[in-house]
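Note sheet for the following structure.
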Amino acid sequence: MIRQRSFLRALQSFVSSGQIPTREYLESFEPKSLRRLKVFDETPPEDFRKWFFERLTSHYSNPRSILRLYRKYISVDDYPCYSWLVRCLCQLGNSFSFNSFWSPRDRQALVSLPLFKYLIFDLIERKHFIHPRHVPRLIFALSALEYRCWPLLIHIADLVKKHLQDWRLSTLALLIGCLVKLGFDNTTIPENDLYNIISLLLNEVETRDPADSTPFDWALLSYSLVLTNRYEWPDHENAALPLYLSRACQDLNLENLPLSGWTQYYLYMTLYCADVEKPRNESQIKRSVPFHLQESLFTRLLNEILIHAQPQGSEMLQKDVDTVLEGMGNTEALINCSVGRPDDEQHCLFAGHLFPNRRLCFEYNYLLPAPDGTPVEGGLVSFRRRLFNKLGYNTVVIHRFQWDALTVLEKEEQLMHILSKFPVVESDLYDSKPEPKTFDDSNYKYLKHLRPRVTTWPPDKISV
């Protein structure tokens, strides 16, 4: 026994602490698949789904936290709960909804993230789990994010057509407004009959009880008809637009109109576009909105309505084109500039870039192309292009998927080619340095550091 203890002491004298293998040294020889596994720092929750649903609710309006939670979910489950994925996308859409404080650039940065594309892929992979109750929320989310995913939308559109009888009037109005903004009226995919879905939904509106609605629903339907140039739909004798406007104004007065949010913007834009495009039923459209409501809309447009309806901040593609124009030495392009008729007292539309001395506007389309690669404009882009042409401006639409594939030299070549097609207007037609106007007795009140305010009604150049 004594001899064995002496042997161990002799053995220990020849082994140093540096020769003892550490845990990190042994883990370095493990395969990568084992090294990627992460041990929980705490005890895993008993019910994964319930825990992740609760966490998702707590991160309701934070897009960054929502995507981080999604990354954590897919790290512990190869096939997350599909209802949770749908709710994840819906909460992202609600974060960037039309009343959001996020800028368009933030939204475009979000949909460019790989993690967001993983989420969309997970939804496409098991799209047969989409329930009809998911359809309106998914369409609203994709519309708010301005992300047109054809594999998902084609399947959703089929569900919309299969359950036409099940949608309430408010849901029909929401579906029509979102599908118009996604550019479904501009599609030419005959095998899926996508271009006809808006007409099917509008026909279904005629079968619903008007009592189950709000002024916002009818204002949104009226605005959707204007966006798609359906002033006389379904025909001139039985046009639906004047009826929708009268129903939208039925419960409105001077007290609750300023509190109606987007309803007042949709009403004014409908009246303004009817005044610009002059459809055959222009008088019926204008008579559908009471005179005192028209006066309130006109006098409050700049300071109370338009400033909240216009997206604030720049866009990614817009800034990229602006950088290329600056590199070319072009200083005539005005970014986010308003466009209107020469005798308009107030402008309602804004161009991505305006070249006033060339009578040219740039518009930017961020939506993905059709499955065959054909560019398809969004509803708002095609609407502004139509109105700008009516106002006397040429319009060039730049599609992001085509622009991003170009090098800097190719981008400059494309812009030089476009500008060469639209030369500068002669000085006798366009005054680059107009004389300062006098505003004495002109019914305008100009104060320092304030926007002009219209003080009289009716306006001089708009027929009421």
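Using UniProt numbering, the first residue of the sequence shown is number 1, and each one after it goes up by one. Every residue gets a Cβ at the ideal spot worked out from N, C-alpha and C, and that includes glycine.
Tell me the residue span of the alpha helix (DSSP H) that contains I154. On the sequence shown, position 154 is the one that residue 154 refers to. 150-162 is the span of the alpha helix (DSSP H), which, as asked, contains I154.
On a CA-only basis, which of K411, M316, W262, I398 is nearest L297? Give me that one, please. On the sequence shown, position 297 is the one that residue 297 refers to. With distances taken between Cα atoms, L297 lies closest to W262.
Measuring only the C-alpha atoms, how far is S382 from N389? Locating residue 382 in the sequence shown gives position 382, where the first residue counts as 1. Locating residue 389 in the sequence shown gives position 389, where the first residue counts as 1. Using only the alpha carbons, I get a separation of about 11 Å.
Which residue wins for smallest C-alpha separation from D322, given the options E363, Q402, R68, F140? Taking the first residue of the sequence shown as 1, we reach residue 322 at position 322. Checked all of E363, Q402, R68, F140; the closest Cα to D322 is E363.
Can you give me the Cβ contacts of S338 inside the same chain, cut-off strictly under 6 Å, excluding the 5 residues immediately before and after it? As a position in the sequence shown, residue 338 is number 338, starting the count at 1. Counting only Cβ-Cβ distances below 6 Å, and skipping sequence neighbours, we find H347, F350.
Where do the N-terminal and C-terminal ends of the beta strand (DSSP E) with F422 fall, by residue? Here residue 422 refers to the residue found at position 422 when the sequence shown is read from its first residue. First-last for F422: undefined, no H or E at that position.
Do you know how far the Cα of M269 is from the Cα of W218? Counting from one through the sequence shown, the residue named residue 218 turns up at place 218. Counting from one through the sequence shown, the residue named residue 269 turns up at place 269. Their Cα atoms are separated by approximately 14 Å.
Euclidean distance between Cα positions of K303 and F291: Taking the first residue of the sequence shown as position 1, residue 303 is located at position 303. Taking the first residue of the sequence shown as position 1, residue 291 is located at position 291. Here residue 303 is Asn; the residue named in the question, Lys, does not match the sequence. Rounded to the nearest angstrom, the two C-alpha atoms are 20 Å apart.
Which of the three DSSP states is assigned to C337 in this structure? Walking along the sequence shown from the start, residue 337 turns up at place 337. Strand, per DSSP.
I'd like to know if the segment 134-146 and the segment 165-183 are in contact, where contact means that at least 3 CB-CB pairs between them fall below 8 Å. yes
Return the CA-CA distance between V397 and L26, expressed in angstroms with no decimal places. Within the sequence shown, the letter at position 397 stands for residue 397. Within the sequence shown, the letter at position 26 stands for residue 26. For V397 and L26, the distance between alpha carbons rounds to 60 Å.
Spatially closest choice to F48 from F29, H59, P63, L69, by CA coordinates: Position 48 of the sequence shown, counted from the first residue, corresponds to residue 48. Of the candidates F29, H59, P63, L69, the one whose C-alpha sits nearest the C-alpha of F48 is L69.
Tell me, please, which residues DSSP counts as bridged to F362. To locate residue 362, count along the sequence shown from 1; it is residue 362. DSSP lists H353, V396 as partners of F362.
The alpha helix (DSSP H) enclosing R23, as first and last residue numbers: Here the question's residue 23 lines up with position 23 in the sequence shown. It spans 23-27 - the alpha helix (DSSP H) in which R23 sits, taken as one unbroken run.
Distance, L153 Cα to S83 Cα: Residue numbering aside, residue 83 sits at position 83 when the sequence shown is read from its first letter. Residue numbering aside, residue 153 sits at position 153 when the sequence shown is read from its first letter. Straight-line Cα distance between these residues: approximately 17 Å.
Between which residues of its own chain and E237 is the CB-CB distance below 7 Å, once the five residues before and five after are set aside? Here the question's residue 237 lines up with position 237 in the sequence shown. There are no such residues.
Would S222 pass as a contact of L201 if the rule is Cβ separation under 9 Å? The residue you call residue 222 lines up with position 222 of the sequence shown. The residue you call residue 201 lines up with position 201 of the sequence shown. Not closer than 9 Å, so no.
Work out the CA separation of V86 and S95 for me, nearest whole Å. On the sequence shown, residue 95 is found 95 positions in, with the first residue counted as 1. On the sequence shown, residue 86 is found 86 positions in, with the first residue counted as 1. Roughly 14 Å separates the two Cα atoms.
Separation of N203 from R167, as counted between CA atoms: Numbered from its first residue, the sequence shown carries residue 167 at position 167. Numbered from its first residue, the sequence shown carries residue 203 at position 203. Sequence check: residue 167 is Trp here, not Arg. In a straight line, the C-alpha of W167 is about 13 Å away from that of N203.
N- and C-terminal bounds of the alpha helix (DSSP H) containing K50: Translated into the one-based positions of the sequence shown, residue 50 becomes position 50. Start and end: 48-58.
Suppose only complete runs of 4+ residues qualify. What are the alpha helix (DSSP H) ranges in the segment 73-157, listed by chain order? 82-95, 104-111, 114-125, 135-145
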